[in-house]
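Enquirer:
There are 2 protein chains.
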Amino acid sequence: MQHQRPKIVDVARLAGVSTATVSRVLSNPQIVNAETRRLVEEAIRQTGYRLNHAARNLRHQRTGGVVALVPNLSNPFFSQILAGMAAVLAPAGYNLLVADTRTEGRASILRYAEPSRADGLIVLDGSLPADGLARRVPVVLACEWIPGFAAPRVKIDNRQAAQLAVEHLIGHGHRHIAHVAGPPGNVLTDARLAGTEQALKAHGLPAPHIFPGDFTLASGRRAGEAWLALPADERPTAVFLASDEMACGFIGEVQHNGMVVPRDVSVMGFDDIELVSHMTPALSTIRQPREAIGRQAAQRLLDRIGGDDGSADTILPVELVLRGSTAAPRR
Amino acid sequence: MQHQRPKIVDVARLAGVSTATVSRVLSNPQIVNAETRRLVEEAIRQTGYRLNHAARNLRHQRTGGVVALVPNLSNPFFSQILAGMAAVLAPAGYNLLVADTRTEGRASILRYAEPSRADGLIVLDGSLPADGLARRVPVVLACEWIPGFAAPRVKIDNRQAAQLAVEHLIGHGHRHIAHVAGPPGNVLTDARLAGTEQALKAHGLPAPHIFPGDFTLASGRRAGEAWLALPADERPTAVFLASDEMACGFIGEVQHNGMVVPRDVSVMGFDDIELVSHMTPALSTIRQPREAIGRQAAQRLLDRIGGDDGSADTILPVELVLRGSTAAPRR
DNA sequence: ACCCCTCTTGAAATCGATTACATAACTCCG
DNA sequence: CGGAGTTATGTAATCGATTTCAAGAGGGGT
Numbered sequence: 001m002q003h004q005r006p007k008i009v010d011v012a013r014l015a016g017v018s019t020a021t022v023s024r025v026l027s028n029p030q031i032v033n034a035e036t037r038r039l040v041e042e043a044i045r046q047t048g049y050r051l052n053h054a055a056r057n058l059r060h061q062r063t064g065g066v067v068a069l070v071p072n073l074s075n076p077f078f079s080q081i082l083a084g085m086a087a088v089l090a091p092a093g094y095n096l097l098v099a100d101t102r103t104e105g106r107a108s109i110l111r112y113a114e115p116s117r118a119d120g121l122i123v124l125d126g127s128l129p130a131d132g133l134a135r136r137v138p139v140v141l142a143c144e145w146i147p148g149f150a151a152p153r154v155k156i157d158n159r160q161a162a163q164l165a166v167e168h169l170i171g172h173g174h175r176h177i178a179h180v181a182g183p184p185g186n187v188l189t190d191a192r193l194a195g196t197e198q199a200l201k202a203h204g205l206p207a208p209h210i211f212p213g214d215f216t217l218a219s220g221r222r223a224g225e226a227w228l229a230l231p232a233d234e235r236p237t238a239v240f241l242a243s244d245e246m247a248c249g250f251i252g253e254v255q256h257n258g259m260v261v262p263r264d265v266s267v268m269g270f271d272d273i274e275l276v277s278h279m280t281p282a283l284s285t286i287r288q289p290r291e292a293i294g295r296q297a298a299q300r301l302l303d304r305i306g307g308d309d310g311s312a313d314t315i316l317p318v319e320l321v322l323r324g325s326t327a328a329p330r331r
Numbered sequence: 001m002q003h004q005r006p007k008i009v010d011v012a013r014l015a016g017v018s019t020a021t022v023s024r025v026l027s028n029p030q031i032v033n034a035e036t037r038r039l040v041e042e043a044i045r046q047t048g049y050r051l052n053h054a055a056r057n058l059r060h061q062r063t064g065g066v067v068a069l070v071p072n073l074s075n076p077f078f079s080q081i082l083a084g085m086a087a088v089l090a091p092a093g094y095n096l097l098v099a100d101t102r103t104e105g106r107a108s109i110l111r112y113a114e115p116s117r118a119d120g121l122i123v124l125d126g127s128l129p130a131d132g133l134a135r136r137v138p139v140v141l142a143c144e145w146i147p148g149f150a151a152p153r154v155k156i157d158n159r160q161a162a163q164l165a166v167e168h169l170i171g172h173g174h175r176h177i178a179h180v181a182g183p184p185g186n187v188l189t190d191a192r193l194a195g196t197e198q199a200l201k202a203h204g205l206p207a208p209h210i211f212p213g214d215f216t217l218a219s220g221r222r223a224g225e226a227w228l229a230l231p232a233d234e235r236p237t238a239v240f241l242a243s244d245e246m247a248c249g250f251i252g253e254v255q256h257n258g259m260v261v262p263r264d265v266s267v268m269g270f271d272d273i274e275l276v277s278h279m280t281p282a283l284s285t286i287r288q289p290r291e292a293i294g295r296q297a298a299q300r301l302l303d304r305i306g307g308d309d310g311s312a313d314t315i316l317p318v319e320l321v322l323r324g325s326t327a328a329p330r331r
């Protein structure tokens, strides 16, 4: 029992070599003579030495951590993306730090963007100020993006996905289609709305009835109330919601009031969160490859940290998932 | 433009003081003369100085990070707990790192338990080896726990919660009650099963029919299949499932086969994840205060890091949430 | 025998901030 | 006016690993 925690000099002393040699065994073993290496490794074992990351990081001018800035940590949509990121970062020797941009103040969130705190940043919140992020650590944007901020984006084609969804409804014969939008000002809201309008226009149909929303269950429920409040013959026969959570709230509300999905209204969601395939009826939706988004975002960030300057976007494919919540309108 | 990134000596030079004084302004301003302080603060502003955390951490022998070890990051159950932890840790100046114990190997996960990597550990996975965790950084266990491992636990009373659930079903007149258990070997599985059996026994009812499960949607669905496969007159009239996810899978499956909940079977879940209040029927369940669990766990860990040696458990109250999925059995 | 190379290794500087210790200036009071 | 006490600041050691530079040992060619 010498020190509380053995350091590199303790190992060096025991092995009868210098600290430099021990360090080389640790980080670049092949340049050390085999016999010496054996000695050092034995000394490491005997002392139970564990390297101090703060010291290494200081010397290397890196932190070994990557921060994910998430708009809302308690939203299950993001947890699977985080899982994807962790799966790539851990093997590469990076820690995944997470921060909730809503919980912490807009301003204080930028402390994560310092090189001495994290080696890189994955931003999943498009509402962060571009100027605060500029000229700091490498950044990758995932899912959402920040207009005017140049950084690789890993995302889906939201507009096209929305088109896909709406065209499915049109294909079923719906002519009166509503859209429940995301929160105002959000880039996803705009893209999905645009796709919706575009699809309707392309088929010569009137602009959609827009219900306000904010991606949450509660707002979907309110959209359901609003739909129910319309005179029966003015109700859209199909509703496309910008998130599955809202679709759940919507269906819950209309079912609660005696409506039957899809007989009385077809419902289409967005995201394909796991639960919706088990509801009754199972929800038709657009599948976002969440795990893959996380993995790709992490990989792009590692590339950037490694010096790759490419800032091209990575667009991942979505999938139209057809289940029981959509059908032809009642004649 | 002097260095790439200004350091403390640059500030000192500009302000005409020593680095010690700058450091004091940074960490202990009141011991510095007001005028000097002003000078230093001005110099900090001019240089755009930002402190290097790796250096400070090295000196302070701390890391500024806390790791949460989660069994499954993509499970929405945990995301809200993480949000609670983040809400406490961020203001205290700690980063929240997350790691998925399933994605990373059992062995490699212990690298997080080193003092040079994290100042503390919040473990949400009861299946980790106690010996690996011992004598490392301060640990707090949340939700699950590790038998024989002494550390503060922040949890609910699972046995009592299960009793509460089952007694509600008994109160409705159910006499034939089934339980869909969690994964074998899990501490929660055992506690909830024990509570179930205890409640039935206390009312002179036979032991429950046990369906195997593992907390996932898919396993709940399989339980539904198993329930349907029973002869109609042998089917339990009520099923208590050890997680809401399983309850969703179960309900989805039986509804899919024409059964009506709660007419044909009452269903009780566990957790009260947000979605289940919007299903049709809305799920009766046991509410775990997830955000509070996260907050408390983080707070207990901060206390421990601060030197508090108390290892008493924190038991948070659950709430029986009654919704539409439970009713009296059909006569 | 001599020079040049390669292979190993060690001494010491370095990463950037913190802090124990020393010192200088100034106040207060008998 | 001298000594104790207080306040403010600087000097230099320190946290623990990495890495540059230099040098010694050994091999091979001429």
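Chains as they are written, first to last, in UniProt numbering: chain A, 1 to 331; chain B, 1 to 331.
Glycine is no exception: its CB is placed at the ideal position from the N, C-alpha and C atoms.
Computed from a predicted structure; not experimentally measured.
Quick check on residue 71/A: buried or exposed, where buried means 16 or more other Cβ atoms within 10 Å of its Cβ?
Expert: Numbered from its first residue, the first sequence carries residue 71/A at position 71. It counts as buried.
Enquirer: Determine the extent of the beta strand (DSSP E) in which residue 122/B is found, giving its start and end residues.
Expert: Counted from its first residue, the second sequence places residue 122/B at position 122. Counting along the chain, the beta strand (DSSP E) containing residue 122/B begins and ends at 120–123.
Enquirer: Please go through the region 270–314 of chain A and give each complete alpha helix (DSSP H) segment of 4 or more residues, from N-terminal end onward.
Expert: 290–305
Enquirer: Please work out which residues of its chain come closer than 8 Å, Cβ to Cβ, to residue 170/A, disregarding the five sequence neighbours upstream and downstream, and give them in chain order.
Expert: On the first sequence, position 170 is the one that residue 170/A refers to. Taking residue 170/A as the centre and dropping the five residues before and after it, the same chain places the C-beta of 177, 199, 200, 203, 205 closer than 8 Å to its C-beta, in chain order.
Enquirer: Shortest alpha-carbon distance to residue 156/A belongs to which of 260/A, 166/A, 144/A, 150/A?
Expert: Residue mapping note: residue 156/A aligns to position 156 of the first sequence, counting from 1. Nearest option by C-alpha distance: 144/A.
Enquirer: Check residue 95/A in the structure and name its three-state DSSP category.
Expert: For the purposes of this step, residue 95/A is identified with residue 95 of the first sequence, where counting begins at 1. The answer is strand: DSSP assigns residue 95/A an E or B state.
Enquirer: Flag residue 323/B as yes if its beta-carbon sits less than 8 Å from any beta-carbon of chain A, otherwise no.
Expert: Taking the second sequence and counting its residues from 1, one reaches residue 323/B at position 323. Output row for residue 323/B: interface = no.
Enquirer: What does the alpha-carbon distance come out to for the pair residue 254/A and residue 260/A?
Expert: Here residue 254/A is taken as the residue at index 254 of the first sequence, counted from 1. Here residue 260/A is taken as the residue at index 260 of the first sequence, counted from 1. C-alpha separation (whole angstroms): 8 Å.
Enquirer: Residues of the region 286–308 of chain A in Cβ contact with chain B at a cutoff of 7 Å, in chain order, please.
Expert: none
Enquirer: For residue 2/A, which residues in the same chain have their Cβ closer than 8 Å to its Cβ, ignoring the five residues on either side in sequence?
Expert: Position 2 of the first sequence, counted from the start, is the residue given in the question as residue 2/A. Because residue 2/A carries a pLDDT of 44, less than 50, the predicted location of this residue cannot be relied on, and the following value inherits that uncertainty. Closer than 8 Å at the Cβ level, and outside the excluded window around residue 2/A, lie 10.
Enquirer: Whole angstroms are fine: how far does the CA of residue 285/B sit from the CA of residue 181/B?
Expert: By one-based count along the second sequence, residue 181/B stands at place 181. By one-based count along the second sequence, residue 285/B stands at place 285. Roughly 15 Å between the two C-alpha positions.
Enquirer: Where residue 22/A and residue 47/A are concerned, what is the direct C-alpha to C-alpha distance, given to the nearest angstrom?
Expert: Here residue 22/A corresponds to residue number 22 of the first sequence, with the count starting at 1. Here residue 47/A corresponds to residue number 47 of the first sequence, with the count starting at 1. In this structure, the straight-line span from the alpha carbon of residue 22/A to that of residue 47/A is close to 13 Å.
Enquirer: Alpha carbons only, please: which of 85/B, 116/B, 12/B is nearest the one belonging to residue 54/B?
Expert: Here residue 54/B is taken as the residue at index 54 of the second sequence, counted from 1. The residue with the shortest Cα to Cα distance from residue 54/B is 116/B.
Enquirer: Taking the C-alpha atoms as reference points, what is the distance between residue 319/B and residue 277/B?
Expert: To locate residue 319/B, count along the second sequence from 1; it is residue 319. To locate residue 277/B, count along the second sequence from 1; it is residue 277. About 14 Å.
Enquirer: Taking a contact to mean a Cβ-Cβ separation below 8 Å, would you say residue 282/B touches residue 323/B in this structure?
Expert: Counting from 1 along the second sequence, the entry for residue 282/B is found at position 282. Counting from 1 along the second sequence, the entry for residue 323/B is found at position 323. In this structure, residue 323/B lies closer than 8 Å to residue 282/B by Cβ.
Enquirer: Which residues in the same chain as residue 325/A place their Cβ atom closer than 6 Å to its Cβ, once the five residues preceding and following it in sequence are excluded?
Expert: As a working note, residue 325/A is residue 325 in the first sequence. Same-chain partners within the cutoff: 261, 262, 267, 281, 283, 284.
Enquirer: Out of curiosity, what's the CA-to-CA distance linking residue 312/A and residue 138/A?
Expert: Residue mapping note: residue 312/A aligns to position 312 of the first sequence, counting from 1. Residue mapping note: residue 138/A aligns to position 138 of the first sequence, counting from 1. If you take the alpha carbons of residue 312/A and residue 138/A, they lie about 14 Å apart.
Enquirer: Which residues in chain B sit within 9 Å of residue 211/A, going by Cβ to Cβ distance?
Expert: Counted from its first residue, the first sequence places residue 211/A at position 211. Those within 9 Å of residue 211/A in chain B number zero; the least Cβ separation is about 16 Å.
Enquirer: Distance, Cα to Cα, residue 316/A vs residue 99/A?
Expert: Here residue 316/A refers to the residue found at position 316 when the first sequence is read from its first residue. Here residue 99/A refers to the residue found at position 99 when the first sequence is read from its first residue. Residue 316/A and residue 99/A: Cα-Cα distance of roughly 25 Å.
Enquirer: How many Å lie between residue 158/A and residue 42/A at the Cα?
Expert: Start at 1 with the first residue of the first sequence, and residue 158/A comes out as number 158. Start at 1 with the first residue of the first sequence, and residue 42/A comes out as number 42. Those two C-alpha atoms are separated by around 57 Å.
Enquirer: Does any residue of chain B bring its CB to less than 8 Å from the CB of residue 374/A?
Expert: Residue 374/A falls outside the range modelled here, since chain A spans only 1 to 331, and no answer is possible.
Enquirer: Quick check: the Cα distance between residue 245/B and residue 233/B, rounded to an integer number of angstroms?
Expert: Position 245 of the second sequence, counted from the start, is the residue given in the question as residue 245/B. Position 233 of the second sequence, counted from the start, is the residue given in the question as residue 233/B. Between residue 245/B and residue 233/B, the C-alpha separation is close to 27 Å.
Enquirer: Considering just the uninterrupted stretch of the alpha helix (DSSP H) at residue 330/B, what are its terminal residues?
Expert: Here residue 330/B corresponds to residue number 330 of the second sequence, with the count starting at 1. That residue, residue 330/B, is in no alpha helix (DSSP H); it is neither H nor E in DSSP.
Enquirer: Going by the DSSP bridge assignment, what does residue 266/A pair with across the sheet?
Expert: Here residue 266/A refers to the residue found at position 266 when the first sequence is read from its first residue. Beta-bridge pairing links residue 266/A to 238/A.
Enquirer: Against chain B, which members of the UniProt domain "HTH lacI-type" (6–60) of chain A pass a CB distance test of less than 8 Å?
Expert: 50, 51, 52, 53, 54, 55, 57, 58
Enquirer: Have a look at residue 69/B and residue 6/A and give me their C-alpha separation to the nearest angstrom.
Expert: Stepping through the second sequence from its first residue, residue 69/B is reached at position 69. Stepping through the first sequence from its first residue, residue 6/A is reached at position 6. Each residue's alpha carbon lies about 26 Å from the other.
Enquirer: Going by Cα to Cα distance, which pick from 122/A, 66/A, 15/A, 142/A is closest to residue 290/A?
Expert: Residue numbering aside, residue 290/A sits at position 290 when the first sequence is read from its first letter. The option with the nearest alpha carbon to residue 290/A is 142/A.
Enquirer: Kindly confirm or deny that the region 85–99 of chain B and the region 95–113 of chain A touch, where touching means at least three C-beta pairs closer than 8 Å.
Expert: yes
Enquirer: Near residue 152/B, which residues of its chain fall below 6 Å by C-beta distance, leaving aside the five closest residues on each side in sequence?
Expert: By one-based count along the second sequence, residue 152/B stands at place 152. Contacts found: 140, 300, 311.
Enquirer: Measuring only the C-alpha atoms, how far is residue 225/A from residue 210/A?
Expert: Counting from 1 along the first sequence, the entry for residue 225/A is found at position 225. Counting from 1 along the first sequence, the entry for residue 210/A is found at position 210. So the two alpha carbons sit approximately 14 Å from each other.
Enquirer: How long is the line joining the alpha carbons of residue 107/A and residue 125/A, rounded to whole angstroms?
Expert: Residue mapping note: residue 107/A aligns to position 107 of the first sequence, counting from 1. Residue mapping note: residue 125/A aligns to position 125 of the first sequence, counting from 1. Near 14 Å, if we compare the C-alpha coordinates of residue 125/A and residue 107/A.
Enquirer: Using 8 Å as the limit for Cβ to Cβ distance, is residue 341/A near chain B?
Expert: Missing from the structure shown is residue 341/A; chain A here goes from 1 to 331 and no further.
Enquirer: Based on the DSSP secondary-structure assignment, which residues constitute the bridge partners of residue 153/B?
Expert: Looking up residue 153/B in the second sequence gives position 153. Residue 153/B pairs with 141/B.
Enquirer: Roughly how many angstroms lie between the CA atoms of residue 270/B and residue 294/B, to the nearest whole one?
Expert: Taking the second sequence and counting its residues from 1, one reaches residue 270/B at position 270. Taking the second sequence and counting its residues from 1, one reaches residue 294/B at position 294. Approximately 18 Å between the Cα atoms of the pair.
Enquirer: What residue range is occupied by the uninterrupted alpha helix (DSSP H) comprising residue 217/A?
Expert: The count along the first sequence starts at 1 and reaches residue 217/A at position 217. Unbroken alpha helix (DSSP H) run through residue 217/A: 217–229.
Enquirer: Ends of the beta strand (DSSP E) at residue 68/B?
Expert: Translated into the one-based positions of the second sequence, residue 68/B becomes position 68. Unbroken beta strand (DSSP E) run through residue 68/B: 65–70.
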